[in-house]
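Some notes on the structure that comes next.
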Amino acid sequence: LIPAMSLCPGYHPVIQFGPDDDYEEEEIFYITLELSNVEPSLIPRCNSYHLVGLGTPTPFLQLAGTALKGRHETLYG
């Protein structure tokens, strides 16, 4: 038999995966932003934003150089 050639030299095929306990599940978080108090003309001018400190009591949203201080609220429904 002729050995199969690899498309990526130096890499070997995986014969068997380890137990599922070795892998972490990826979590997905959905964030709702209430921006009713933000200057309406600021939002359309922004082509990017930064969310900072989502895991802290006071998260921040940065829009076009303007930093907005936020707070966490539980969303029901």
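Here our numbering is used: the first residue of the sequence shown is 70, the next is one more, and so on.
Glycine included, every Cβ here is placed at the ideal spot set by N, Cα and C.
Residue closest to residue i, alpha-carbon to alpha-carbon, out of the options
i: His119; options: Ile100, His81, Gly79, Ser105; result: Ile100
Straight-line Cα distance separating residue j from residue i
i: Gly134; j: Asn116; result: 12 Å
i: Val106; j: Thr125; result: The amino acid at residue 106 is misidentified as Val; the sequence shows Asn. Between Asn106 and Thr125, the C-alpha separation is close to 22 Å.
i: Tyr80; j: Glu93; result: 24 Å
Check: residue i C-beta below 7 Å from any heavy atom of the ligand SAH
i: Ser117; result: With respect to small molecules bound, the structure shown includes none, and the ligand SAH cannot be examined in it.
Contact check, residue i vs residue j, beta carbons under 8 Å
i: Leu137; j: Leu144; result: no
i: Thr127; j: Arg114; result: no
i: Ile112; j: Leu104; result: yes
Any beta strand (DSSP E) of 3 or more consecutive residues that is wholly inside the segment 97-142:
118-121, 129-132, 135-138
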